[in-house]
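Below: one structure, written as structure tokens.
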Amino acid sequence: MNLPFFSKEDLVVGVDIGSHAVKVCQLKRTDKAYAVVNLGSVTLPEGAVDDGTLNEPDIVGEKISELFKQLKIKKKKIGFSISGYSVIVKKVNLAVMSDEELEEHIQTEAEQYIPFDLDDVYLDFQDLKTNEGDDDRTDVMLVAAKQEIVDEYLEMFEGLNLKPVIVDVDGFALENTYEYNYPKNENVALVDIGASKMNINIISEGVSVVARDIVVGSQQLTEQIQSAFDLTIEEAEALKLGQIPAEEKQQEIEEIFSTTCTQWVLEIKKAIDLYQANHTEAPLSRLVLSGGGSKVVGLLEYLESETGLAVELFNPFSNMTVNSKKIDPDYLNSIGPEMAIATGIAIRPSVI
Ligand SMILES: Nc1ncnc2c1ncn2[C@@H]1O[C@H](COP(=O)(O)OP(=O)(O)OP(=O)(O)O)[C@@H](O)[C@H]1O
Ligand SMILES: [Mg+2]
């Protein structure tokens, strides 16, 4: 597989700060592929991060620091990704123009696409170059992120003596990992189910055509188990993960799983139906599931029967080499689906 050429490429450590856990992934380049150098995760206290907002930067910072120490990561350059209400990703169709003209056009016209005050956002864009032949219009991906939210992250990292050089978006990072590891030119639905949100990203001919965040996730299961049996959140989480036996609670837990997963699957089907209706000539060939919520027992099979698609768990390392003496293959397998976003950030070369 050909990698993009960077003469002195320096990869960042990918840091994915979710509402449940921080995931960290460090890669290095070898001649032919990426190699996994280091990876791990640490659970965050309830509420420390919510809908992409750092509510408790000191606590999250401490956890990240502990994780870097435990993994013995010396590297300072990191990349992180954002998601949630504070980031808007929008595809707009514009007349073909040069990068300079596009920059100017976007600076003056972005107001009509972005529901935030432009003085308060970081704005970025990418020409997807979708025009072909005589077509003089192209799709442009716009990203606007609230400065105060991004700045909280930047400050936290700087306080840890880390150097944030890449700010990614969860959905893009996921796409990045997919593109590196899986066959090109397939039409695919990427679905990341975390603790508190589900990101659906449908890629058709290498371009993201449906992208949405929905406020559902595996934390719903924990909360419902907690209230059904009057438990602490920790007990409910352990029960959910099967770390303590369910015994007489089994049937009710199964019902909670089934109702909630039905809701997730309906949302996924809605996005797929929207895609299929507009792209009858390019049917989806598979659905790739990531995030901790993807590990709910039976979800994959249920999703397969409801969508008629081949569904598989995301393996972000399928095209990478791994030193099995340093990283336990069983651990790598089990943590893989949660690591998809951190890996996508870690693939990005830092040009700074
Ligand atoms: N086997 C499992 N069954 C059900 N849920 C699971 C399983 N393993 C992990 N989870 C859940 O996955 C969630 C963590 O996944 P992940 O790390 O992807 O979330 P996050 O990135 O922190 O959250 P978000 O992206 O929504 O902010 C937790 O709610 C955890 O309980
Ligand atoms: Mg996540």
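In this note's numbering, the protein residues as written are 860 to 1211. Yeah, the Cβ is synthetic: ideal placement off N, Cα and C, and Gly gets one too. Quantities reported herein were computed from a predicted structural model and do not represent experimental measurements.
In the three-state DSSP reduction, L913 falls in the strand class (E or B). Taking all protein chains shown into account, D917 has fewer than 16 neighbouring C-beta atoms within 10 Å of its C-beta and is therefore exposed. When DSSP states are grouped into helix, strand and coil, T1121 belongs to the helix group.
Pairwise C-beta distances place the stretch 874 to 889 in contact with the stretch 1199 to 1208, as three or more of them are shorter than 8 Å. In chain order, V1155, L1158 and Y1161 place their CB closer than 7 Å to the CB of C1120, counting only its own chain and leaving out the 5 sequence neighbours on each side. The beta carbon of K949 sits closer than 6 Å to those of Y972 and L1001, all from its chain and outside the five residues before and after it, given in chain order. Taking a C-beta distance under 7 Å as the contact criterion, I941 and A894 do not qualify as a contact pair. In this structure, the alpha-carbon of A1070 lies about 16 Å from that of F984. Chain order is used for the residues whose beta-carbon lies nearer than 5 Å to a heavy atom of ligand 2, namely G877 and G1053.
Counting only the Cα atoms, S1149 lies some 19 Å from Q885. Inter-segment contact for the stretch 921 to 930 and the stretch 1033 to 1044 is absent: fewer than three beta-carbon pairs are separated by less than 8 Å. Residue pairing for D983: DSSP places it in a beta bridge opposite V1002.
Burial is judged here by how many other beta carbons sit within 10 angstroms of a residue's own beta carbon; V1074 has fewer than 16 and is exposed.
Under the three-state reduction of DSSP output, Q885 falls in the strand class. Annotation: the continuous beta strand (DSSP E) that includes K936 extends over K936 to I941. In this structure the stretch 1137 to 1147 touches the stretch 1057 to 1070; the number of beta carbon pairs closer than 8 Å is three or more.
The DSSP-derived three-state label of P904 is coil. Collapsing the DSSP output to three states places L1143 in coil. Within the DSSP bridge table, the entry for L1172 names L1148 as partners. In the DSSP assignment, the residues bridged to V1066 are S1063.
Bounds of the alpha helix (DSSP H) holding L1191 are P1188 to I1194. In the three-state DSSP reduction, T989 falls in the coil class, being neither helix nor strand. DSSP, read as helix, strand or coil, puts T1166 in helix.
Under DSSP, K949 shares a beta bridge with L1001.
Taking a contact as a CB-CB distance under 8 Å, the pair G911 and V946 counts as one, their CB atoms being some 7 Å apart. With fewer than 16 other CB atoms across the displayed protein chains lying within 10 angstroms of its CB, K891 is exposed. Collapsing the DSSP output to three states places Y893 in a strand.
Pairing V1009 with Q1085, the inter-Cα distance amounts to about 33 Å. S1153 sits away from N1046, with the two beta carbons spaced by 7 Å or more. Selection L1168, Q1109 and G938 evaluated against F1031 yields G938 as nearest (Cα-Cα).
Nearest in C-alpha terms to G943, of all of A1130, K1056 and V1050, is K1056. Put simply, of I876, E905 and K936 the residue whose alpha carbon is nearest the alpha carbon of D869 is K936. The C-alpha of I1194 lies about 22 Å from the C-alpha of E1094.
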